[in-house]
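Colleague: A single structure is presented below for examination.
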Amino acid sequence: MAYRFAADALLVLHLAFIIFVLFGGLLALRWRWMPWLHLPAAGWGAAVELLHLYCPLTPWENRLRRAAGEVGYPGDFIEHYLLRLIYPEGLTAQAQLWMGAVVLLLNLAVYAHWLRRQR
């Protein structure tokens, strides 16, 4: 029971980290110290995706699930839990580029605004 709880808690933490990577820049508008946390997290998140690195949370979650008597899953967190949500069937490469551009422009706008407020 404790291993399953730990695996589920790690899953929630993993999802929270992904959300923070995507939207944490908005928190910098409220708290001046937030970029010190968000920028390294966003850098790690971008590196994992762009360089196809393996996030260490996935094997850790799988080990906890196996210790709880459950079966782990193949692949990584994104593939297992979020792939169909993030990449629905019929999604084109051009649509992905547009979505990536929107994310990049949103974060650039947030941090440009943040920098102006700091001056």
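To convert a position in the sequence shown, counted from 1, into this note's numbering, add 15.
Cβ coordinates follow ideal geometry from the N, Cα and C atoms, glycine included.
1) Drop a sphere of 10 angstroms on the beta-carbon of Leu44, count the other beta-carbons inside from all chains shown, and report buried for 16 or more, exposed for fewer.
2) Is it right to say Leu25 is buried, meaning 16 or more other beta carbons lie within 10 angstroms of its own, or is it exposed?
3) Tell me, to the nearest whole angstrom, how far the beta carbon of Ala56 is from that of Gly39; I am working on the premise that it is less than 8 Å.
4) Excluding the five sequence neighbours on either side, which residues of its own chain have a C-beta within less than 6 Å of the C-beta of Met49, listed in chain order?
5) Assuming Ala17 and Glu76 form a contact by the criterion Cβ under 8 Å, report the distance between their Cβ atoms to the nearest whole angstrom.
6) Roughly how many angstroms separate the alpha carbons of Arg81 and His29, rounded to a whole number?
7) I need the straight-line Cα distance from Val125 to Glu85, nearest angstrom please.
8) Are there any heavy atoms of the ligand MG lying less than 7 Å away from the beta-carbon of Leu119, as far as the coordinates show?
9) For Glu85, name the three-state secondary structure that DSSP assigns.
10) In whole angstroms, give me the CA-to-CA distance for Ala116 and Gly105.
11) Can you grab the Cα-Cα spacing for the pair Asn122 / Leu37, in whole Å?
Modeller: So, to answer that:
1) Within the sequence shown, the letter at position 29 stands for residue 44. With a threshold of 16 other beta carbon atoms within 10 Å, Leu44 falls short and is exposed.
2) Looking up residue 25 in the sequence shown gives position 10. Residue environment for Leu25: buried (at least 16 other C-beta atoms within 10 angstroms of its C-beta).
3) Residue 56 sits at position 41 when you count from the first residue of the sequence shown. Residue 39 sits at position 24 when you count from the first residue of the sequence shown. That belief holds up - the Cβ atoms of Ala56 and Gly39 are roughly 6 Å apart, short of 8 Å.
4) Indexing the sequence shown from 1 puts residue 49 at position 34. Only Leu42, Ala43 meet the Cβ criterion.
5) If you number the sequence shown from 1, residue 17 lands on position 2. If you number the sequence shown from 1, residue 76 lands on position 61. The beta-carbon separation of Ala17 and Glu76, rounded to 14 Å, does not stay under the 8 Å limit for a contact.
6) By one-based count along the sequence shown, residue 81 stands at place 66. By one-based count along the sequence shown, residue 29 stands at place 14. In a straight line, the C-alpha of Arg81 is about 18 Å away from that of His29.
7) Indexing the sequence shown from 1 puts residue 125 at position 110. Indexing the sequence shown from 1 puts residue 85 at position 70. Approximately 42 Å between the Cα atoms of the pair.
8) By its list of ligands, the structure shown contains no ligand whatsoever, and the ligand MG lies outside what it can speak to.
9) Counting from one through the sequence shown, the residue named residue 85 turns up at place 70. The DSSP-derived three-state label of Glu85 is coil.
10) Position 101 of the sequence shown, counting from 1, holds the residue named residue 116. Position 90 of the sequence shown, counting from 1, holds the residue named residue 105. Approximately 19 Å between the Cα atoms of the pair.
11) On the sequence shown, position 107 is the one that residue 122 refers to. On the sequence shown, position 22 is the one that residue 37 refers to. Their backbone Cα atoms lie some 8 Å apart in a straight line.
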